[in-house]
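Quick note: UniProt numbering has the sequence shown finishing at residue 387, numbered continuously throughout.
C-beta atoms are modelled at their ideal positions from N, C-alpha and C, and glycine is treated no differently.
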Amino acid sequence: MFTTAWTASPQSPSTGFTPNWSQEGFWRQSLRQVVRLTAGGDRVRIRLSNAYGTSPLRIAGATLARTALGAGVDAAAGAGAGAAVRAEPVRLTFGGAASVEIPARGETVGDAAEFAVAAGESVTVTLHLDAVTGPATFHAQAFTTSYRGAGDLLADTGGAGFDETTESWYFLTAVDVSAGRTDGVALFGDSITDGFGSTPGANRRWSDALAARTGRPVLNAGIGGNLLLNDSAWYGEKGVHRLERDVLSLAGVDTLVVLLGLNDIGFSEGAAEPTYRPAPRVEVDELIAGHRELIRQVRGRGVRAVGATLLPFGGSDHWGERAAKVSHEFNEWVRCSGEYDGVVDLHRALADPVASERLRGAYDFGDHLHPNDLGYEVMAEAVGVLL
């Protein structure tokens with residue numbers, strides 16, 4: 001039985017927060033990406049998405065290896081001293097073939113490869129893209145480095161051929177392992193769940209901290225800037241639409257933690273930002289209706305739904321008198337309605353003890369909106385107790 005051990009929610013090509021390759025796409029290049037798994041097993045398979053592609057996506061080849069320094073990989077096919085040493089990374093197949101063509105708006109799941117991994121271990125997936133991809137389905141904010149180089153670098157172990165870098169993931173949306181576990185926890189949210197404010201390259205998101213604390217598979221389905229009620233050209237499809245694809249289709253998930261709605265409230269306070277469009281003024285009843293739709297979808301799949309209160313954001317560009325009122329009313333509904341199967345009060349966990357509308361200074365990344373590494377640890381502790 002397969003369990004999803006890592007995921008990244010796909011987005012349409014855009015300029016994003018940092019320079020990326022999504023709009024230009026790839027041609028006669030290899031793409032190397034590093035992901036950290038939250039479950040172990042002796043077989044691994046990958047999921048690739050062309051969800052926002054306008055033409056078929058050809059994957060000329062794909063490999064899997066243990067992560068080494070930078071773009072380098074360790075070609076050992078197993079964990080520990082007894083690992084089999086290979087001359088090159090493990091070749092992945094799709095329906096028995098080395099290559100695959102994914103239709104526009106489609107996705108594919110690769111064949112299982114014999115490859116032993118442990119929870120907490122990083123693996124490297126390399127894709128050879130020999131045909132023009134067109135604009136690429138991607139996840140804008142990986143908070144880790146991905147690599148690109150010319151030609152077929154599938155067998156490369158040293159990494160010297162990968163001479164370009166980015167902080168986004170492309171096409172790769174999930175890694176499943178033969179863990180046989182059904183206790184996965186999915187986190188569904190915006191940039192706070194995605195990990196904005198955590199130390200890049202250090203795996204200090206609250207999903208990482210929760211996986212380490214609980215020992216359970218923890219899947220990060222956050223998208224920076226994501227909205228519950230409106231699609232965005234920059235920040236992904238609205239939460240009520242993407243839940244099925246980004247969470248409920250994953251293997252082995254039995255609990256969902258929802259932390260979503262702050263951008264719906266706050267974008268209207270910072271409407272001068274072009275990426276904040278659309279920015280309609282959202283009433284608390286609309287947010288509640290959106291969360292009820294999430295609960296309905298989750299319960300229909302037999303998954304436990306946990307609601308989180310919105311974090312304090314006083315002093316940020318999302319803050320204002322109206323935003324304060326709506327967020328307070330929404331948090332009271334989460335705490336008191338009993339509609340979620342469980343509630344975690346992240347607002348109280350991270351609030352300044354003197355000014356409760358603000359993040360405690362020790363937990364503030366600096367923009368009064370996102371936590372830092374310590375703040376994310378506190379979030380994981382609060383959720384871990386409930387789980």
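Under the three-state DSSP convention, the category P200 falls into
In this structure, P200 counts as coil in the three-state DSSP scheme.
Can you give, in chain order, each stretch of the alpha helix (DSSP H) that sits fully within the segment 211 to 255 and has at least 4 residues?
With a minimum length of 4 residues, the unbroken runs of alpha helix (DSSP H) contained wholly in the segment 211 to 255 fall at 239 to 243.
Sufficient close CB pairs (3 or more, under 8 Å) joining the segment 39 to 48 to the segment 68 to 77
Counting C-beta pairs closer than 8 Å gives fewer than three between the segment 39 to 48 and the segment 68 to 77, which falls short of the contact rule.
Determine the extent of the alpha helix (DSSP H) in which Y376 is found, giving its start and end residues.
Note, Y376: alpha helix (DSSP H), 373 to 386.
Compute the beta-carbon to beta-carbon distance between R213 and E381, rounded to the nearest angstrom, for a pair I have assumed lies under 8 Å.
R213 to E381, Cβ: 7 Å. Contact.
Just to confirm, is the Cβ distance from R181 to A8 under 7 Å?
No. Outside cutoff.
In whole angstroms, what separates the C-alpha of A81 from that of E88?
Confidence at A81 is low in this model, with a pLDDT of 44, below 50, so its placement is unreliable and the value that follows should be read with caution. Between A81 and E88, the C-alpha separation is close to 18 Å.
For the segment 238 to 250 against the segment 272 to 279, do three or more pairs of beta-carbon atoms, one drawn from each stretch, fall closer than 8 Å, so that the two count as touching?
Flag = no, the segment 238 to 250 and the segment 272 to 279 do not touch.
Between which two residues does the alpha helix (DSSP H) holding A349 run?
First-last of the alpha helix (DSSP H) with A349: 346 to 350.
To the nearest angstrom, how far is the alpha carbon of L262 from that of S198?
If you take the alpha carbons of L262 and S198, they lie about 19 Å apart.
Considering D152, what are the terminal residues of the beta strand (DSSP E) in which it resides?
Element bounds for D152: n/a, residue is neither H nor E.
With 16 other CB atoms within 10 Å as the buried threshold, where does D156 fall?
By the 10 Å Cβ count, D156 comes out buried.
Other residues of its chain near G315: CB distance less than 6 Å, five sequence neighbours each side excluded
Contacts found: R358, H368.
If you check the beta carbons only, do F94 and G106 fall under 7 Å apart?
Pairing F94 with G106 gives a Cβ-Cβ distance that is not under 7 Å.
With a threshold of 16 other CB atoms inside 10 Å of the CB of T63, please say whether the residue is buried or exposed.
T63 comes out buried.
Cβ contact (3+ pairs, closer than 8 Å) linking the segment 95 to 105 and the segment 22 to 38
As far as the Cβ criterion goes, the segment 95 to 105 does not touch the segment 22 to 38, which means the pair count is below three.
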